[in-house]
Amino acid sequence: MPTAEYKTLMVAMLSLVTIDFMSGCEADFAVHLQGTKQLRKRRRKWRMISRATQQLNEISDFLCLLARTMTFSSSPRPWSIDLAEDGDEPAASQHPSSCCYGYMYGVTPQIAAELQETCRLAEYLTWYERSHEPIPDSLLEVCEALGDRLCSWTLEGDGAHEAISQDEDGLEIFRHHANAWHLATVIYYHRRIQKCRSEDQDEIIARIAEHMHAVEDIKDRSTSSCATQRMAPIMWPAFVASCDATARRPWALWWQRAHCYHIANYERQWEVVQTMWQKKDEVNQTASGDFDWIEAFRGMDITLFPI
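Note that the sequence shown covers residues -27 to -1, 1 to 280 in mature numbering (1 follows the signal peptide of the UniProt record, and there is no 0).
Right, dumping it as structure tokens:
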């Protein structure tokens, strides 16, 4: 039965997720995020809801997506072309024009949807890998189509920036974040779906670093209310790019800049990145093949929330 205290419970659980993030309690955030997901399921068919409730649902949905990007799990069943089989519709797709993703996380609903699709398809591919079954042609076609969409994406074509109500600095920050999210999703797609590096991966990673540093530069120079509040940066694009980086100096500087926010989760992410670099150096020294940070992450058996 749907609870009458829906918003109160959702706010409480999301507040716990924030505390977990600030304090670096990785073991707890998954439990609290799962709680928000279970709560959303109670009203998954509701469409006539307030804007406040919709925003809470979007926050929960997006945070669950970020956690999903680091679980690297397998689908419990083989591939089906029936998309409805995979569960709930993303909260952002119900009201894309008023979605909070842009001004809260710097990502467009379209790229968030493509990231979610990357996770979904990768989980199916993992099922076939572990089952030693041939991958259906329809799944291969969907994987390829996703890559085509990511390669052809532009912020102008997306149009999400038109819905951002910010001053000039705020819009510039959003543009840098949105482009960083897209490029990091391209890298993530190659690792999760194609199991390889992008052809121009080093260039892509360098561009992500430029975008992420540019955001901090804007905050440093700006006198607008948006920047002077020193909102903490969005870390997922930086974390994904750092783990695969060959040129490390821009990223070492980036994590040094992130240190000034005094957020325990950032420190934990930086520790993981340094571990990845060490493991990559070991692979290179032994000439034992291409380093895959996702496989290395799996082997570490850790929980991480890269927001």
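Built from N, CA and C at the ideal position, the CB exists for glycine as well.
T248 to W266 span [Cα, whole Å]: Your numbering for residue 248 matches position 275 in the sequence shown. Your numbering for residue 266 matches position 293 in the sequence shown. Rounded to whole angstroms, T248 to W266 spans 10 Å at the Cα level.
Rounded C-alpha distance that separates residue 310 from L123: Nothing about residue 310 can be reported from this structure: the residues present for the chain run from -27 to 280 only.
Selection from T81, C(-3), P109, L(-14) that minimises the alpha carbon distance to H150: Mapped onto the sequence shown, residue 150 falls at position 177. Comparing Cα positions, the closest option is T81.
Supposed contact pair L98 and V115 - C-beta distance, whole angstroms, cut 8 Å: As a first step, residue 115 is located in the sequence shown; it is residue number 142 there, counting from the start. As a first step, residue 98 is located in the sequence shown; it is residue number 125 there, counting from the start. Going by Cβ atoms, the distance from V115 to L98 rounds to 11 Å, so no, they are not a contact pair.
Whether V188 touches P206 by CB criterion (8 Å): In the sequence shown, counting from the first residue as 1, residue 188 sits at position 215. In the sequence shown, counting from the first residue as 1, residue 206 sits at position 233. Yes. Within cutoff.
Cβ-Cβ separation, I191 to E145 (assumed contact under 8 Å), whole Å: Looking up residue 145 in the sequence shown gives position 172. Looking up residue 191 in the sequence shown gives position 218. With 8 Å as the limit, E145 and I191 qualify as a contact, their Cβ atoms being about 6 Å apart.
Exposed unless 16 or more other CB atoms sit within 10 angstroms - verdict on S198: Stepping through the sequence shown from its first residue, residue 198 is reached at position 225. Because S198 sits at a pLDDT of 49, beneath the cut-off of 50, its placement in the model cannot be relied upon, and the following sentence gives the value as read from the coordinates. Exposed, by the Cβ-count rule.
Contacting residues, own chain, Cβ-Cβ under 6 Å from A218 (five flanking each side not counted): Translated into positions along the sequence shown, residue 218 becomes position 245. I178, W224.
Cβ-heavy atom distance, E172 to the ligand GTP, below 7 Å: Looking at this structure, you won't find the ligand GTP or any other ligand, since it has none at all.
Proximity winner among S48, A157, R13, T259, relative to Q27 (alpha-carbon distances): As a first step, residue 27 must be located in the sequence shown, where it is residue number 54. Nearest option by C-alpha distance: R13.
Q51, buried or exposed, once every other Cβ within 10 Å from all chains shown has been counted against 16: For the purposes of this step, residue 51 is identified with residue 78 of the sequence shown, where counting begins at 1. Here residue 51 is Pro; the residue named in the question, Gln, does not match the sequence. Exposed is the call here.
Local conformation of C(-3) per DSSP, three classes: Taking the first residue of the sequence shown as 1, we reach residue -3 at position 25. Here C(-3) sits in coil by DSSP.
Separation of S215 from L6, as counted between CA atoms: In the sequence shown, counting from the first residue as 1, residue 6 sits at position 33. In the sequence shown, counting from the first residue as 1, residue 215 sits at position 242. Whole-angstrom Cα-Cα distance: 25 Å.
Beta-carbon proximity list for I166, same chain, < 8 Å, skipping 5 on both sides: Residue numbering aside, residue 166 sits at position 193 when the sequence shown is read from its first letter. Counting only Cβ-Cβ distances below 8 Å, and skipping sequence neighbours, we find T91, L94, A95, L98, C116, L119, G120.
Cβ-based burial, L277 [other Cβ within 10 Å; buried from 16]: Sequence index remark: in the sequence shown, residue 277 carries index 304 (1-based). Classification for L277: buried.
Closest residue to G272 among R222, C73, M43 (Cα-Cα distance): Walking along the sequence shown from the start, residue 272 turns up at place 299. Among R222, C73, M43, the Cα nearest to that of G272 is on M43.
DSSP state of F212 mapped onto helix, strand, coil: Locating residue 212 in the sequence shown gives position 239, counting from the first residue. Helix, per DSSP.
Euclidean distance between Cα positions of S47 and G143: The residue given as residue 47 occupies position 74 in the sequence shown. The residue given as residue 143 occupies position 170 in the sequence shown. Between S47 and G143, the C-alpha separation is close to 39 Å.
Own chain partners of L38 with C-beta closer than 6 Å, once the 5 adjacent residues on each side are dropped: As a working note, residue 38 is residue 65 in the sequence shown. So the qualifying residues of the chain are Q89.
Where the alpha helix (DSSP H) through M204 begins and ends: Within the sequence shown, residue 204 is the residue found at index 231, counting from 1. Taken as a continuous stretch (DSSP letters only), M204 belongs to no alpha helix (DSSP H), as it is neither H nor E.
Among P49, V245, A220, nearest to S104 - alpha-carbon criterion: One-based indexing of the sequence shown puts residue 104 at position 131. Residue P49 is the option with its Cα nearest to S104.
Spatial distance of I84 from F35 (CA atoms): Mapped onto the sequence shown, residue 84 falls at position 111. Mapped onto the sequence shown, residue 35 falls at position 62. Rounded to the nearest angstrom, the two C-alpha atoms are 11 Å apart.
Span of the alpha helix (DSSP H) around T120: Translated into the one-based positions of the sequence shown, residue 120 becomes position 147. Note that residue 120 corresponds to Gly in the displayed sequence, not to Thr. It spans 110 to 125 - the alpha helix (DSSP H) in which G120 sits, taken as one unbroken run.
Residues near A231 by beta carbon distance below 6 Å, same chain, minus five either side: Stepping through the sequence shown from its first residue, residue 231 is reached at position 258. Short of 6 Å from the beta carbon of A231, and not among the five residues preceding or following it, lie these beta carbons of its own chain, in chain order: Y239.
When Y234, C233, R180 are compared against A220, the one with the closest alpha-carbon: To locate residue 220, count along the sequence shown from 1; it is residue 247. When each option's Cα is compared against that of A220, the closest is R180.
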